[in-house]
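Engineer:
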Amino acid sequence: MTSQSLRIAVVGTGNVSTGNYLPILRDEKDVVLGVCDRNAERAQEAAKTFGGEYLASLEAVAKWNPTSVIVTTNETVRFEVVMELLRLGVKRIFCEKPLVAKNGQANVTEEDFHNAKKMLETAKQKGCLVAMNFNYRSFDQTLAAKRIAEERNFGKLIQAAGQVHFACWSHCIDLIHHFGGEVEELSAVTGLIDRHGQGGILAPDVAASFRLAGGAVGTIIGTAGMGWQHPLFELIFTFENGRVHMRDIDGDLEVLDTAKRTQERYSMVRDASRWDHYGASFRKAIPAYLESIRKNTEPPVSGLDGLRELQVEAALKRSIAEKRTVIVQKELPLL
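Position one of the sequence shown corresponds to residue 1 (my numbering), numbered consecutively onward.
(1) Tell me the residue span of the beta strand (DSSP E) that contains Met226.
(2) By DSSP's criteria, Ala207 is part of a beta bridge. Which residues make up the other side?
(3) What would DSSP say about Val81, mapped onto helix, strand or coil?
(4) Roughly how many angstroms lie between the CA atoms of Val11 and Val90, to the nearest whole one?
(5) Determine which residues share a DSSP beta bridge with Phe94 and list them.
(6) Closest to Ala351 by C-alpha separation, out of Gly279, Arg26, Asp30, Glu151, would be which residue?
(7) Is it buried or exposed for Lys335, if we count other Cβ within 10 angstroms and need 16 for buried?
(8) Which two residues bound the contiguous beta strand (DSSP E) that contains Val31?
(9) Skipping 5 residues on each side, what residues in its chain have a beta carbon closer than 7 Å to that of Asn241?
(10) Using the three-state DSSP reduction, which class does Gln159 fall into: helix, strand or coil?
(11) Let's test the definition: count the other Cβ atoms within 10 Å of the Cβ of Arg324 and tell me whether it reaches 16, buried, or not, exposed.
(12) Which value, in whole angstroms, describes the spacing of the CA atoms of Ala43 and Thr219?
(13) Would you tell me roughly how many angstroms separate the C-alpha atoms of His196 and Asn107, rounded to the nearest one?
(14) Excluding five sequence neighbours on each side, which residues of the same chain lie with their C-beta closer than 6 Å to the C-beta of Asp288?
(15) From Thr67 to Gln105, what does the alpha carbon distance come to, in whole angstroms?
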């Protein structure tokens, strides 16, 4: 360990952590790992496998003096974990998505939004910088779509449309923010039948129309009823001078360029699976976060980005419950 080492503590050693975080962190030459989990045996095994130090409690994590704590616990307990880390004086925290979801990511409530807001307000008071992992921003097709729209001067976003499996729901809400800015107004309805989805998801379909801060309008449909073998999401962003259409984790990117009068298709290589591409996004997102620490700059994805996503989910629930349009920034203000 050198004076320039990054002391990264990982809290939570489930499948996401051992499959997508710890292997990447282990390979970063200036990272010193600490590992914590309420299941001591699992944490000790992860520490042994990935070359980290076992930390028996959150108090032990704080005393270890981490540069940053990466919280990959289940979202149902993330609020309590992060609030305790803040109480203990941790100065950087990186959370898996969603930021908070007491009843699971398929059943986000308005209370989750308010708890996440409390979390970020407390972090600000304590001088802690909170970051998020919305790794869909790191997919090849997302990076290409953003670059093409900017390089070719596609102009302002005017429309957005999405059809999304709930497994990708929070990510796709974030991508709408990423391309178009905050949601200002939203109106939503829900289906009458609960649908079963992969991963034990049980929820009715949701459909929403919205207006973004820059003036663009859009629609999004969420469902657990899509076949897992089909594209898990489709997002279409229409600009003044072009359009990009993204399909699934490993699907094609279609670009319509008004000035060039072309319809272009960018395909991923076919020797990699959907989950290879999913894993590759972590290998871009996590090093990018570490680099922001090294350079002492703002993280690529902030805690505020996570709060914006929950703001939309809270607005959806309020609109459905009260059968009306929600003026999002007025009724559910951010920090």
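All C-beta atoms in this analysis are idealised placements derived from N, C-alpha and C, irrespective of residue type, glycine included.
Structural biologist: Taking the definition as stated:
(1) Within the sequence shown, the letter at position 226 stands for residue 226. For Met226, there is no enclosing beta strand (DSSP E), since its DSSP letter is neither H nor E.
(2) In the sequence shown, the residue the question calls residue 207 occupies position 207. Beta-bridge partners of Ala207 (DSSP): Val189, Ile221.
(3) Counted from its first residue, the sequence shown places residue 81 at position 81. Three-state result, Val81: helix.
(4) As a first step, residue 11 is located in the sequence shown; it is residue number 11 there, counting from the start. As a first step, residue 90 is located in the sequence shown; it is residue number 90 there, counting from the start. Taking the straight line joining both Cα atoms gives about 13 Å.
(5) Here residue 94 is taken as the residue at index 94 of the sequence shown, counted from 1. As a beta-bridge residue in DSSP terms, Phe94 pairs with Ile70, Ala131.
(6) With the chain running from 1 to 335 in the structure shown, residue 351 is simply not present.
(7) Stepping through the sequence shown from its first residue, residue 335 is reached at position 335. Sequence inspection shows Leu at residue 335; the Lys mentioned does not correspond to that position. Result: exposed.
(8) Your numbering for residue 31 matches position 31 in the sequence shown. Taken as a continuous stretch (DSSP letters only), the beta strand (DSSP E) holding Val31 covers 31-36.
(9) Taking the sequence shown and counting its residues from 1, the one referred to as residue 241 is at position 241. Correct list, in chain order: Asn153, Phe154, Gly155, Thr258, Ala259.
(10) Against the sequence shown, residue 159 aligns to sequence position 159. Three-state DSSP puts Gln159 in a strand.
(11) To locate residue 324, count along the sequence shown from 1; it is residue 324. Result: exposed.
(12) Counting from one through the sequence shown, the residue named residue 43 turns up at place 43. Counting from one through the sequence shown, the residue named residue 219 turns up at place 219. Rounded to the nearest angstrom, the two C-alpha atoms are 43 Å apart.
(13) Looking up residue 196 in the sequence shown gives position 196. Looking up residue 107 in the sequence shown gives position 107. C-alpha separation (whole angstroms): 13 Å.
(14) Along the sequence shown, one-based indexing puts residue 288 at 288. Reading off the sequence, residue 288 comes out as Ala, not Asp. Closer than 6 Å at the Cβ level, and outside the excluded window around Ala288, lie Pro300.
(15) Position 67 of the sequence shown, counted from the first residue, corresponds to residue 67. Position 105 of the sequence shown, counted from the first residue, corresponds to residue 105. Cα to Cα, Thr67 sits roughly 28 Å from Gln105.
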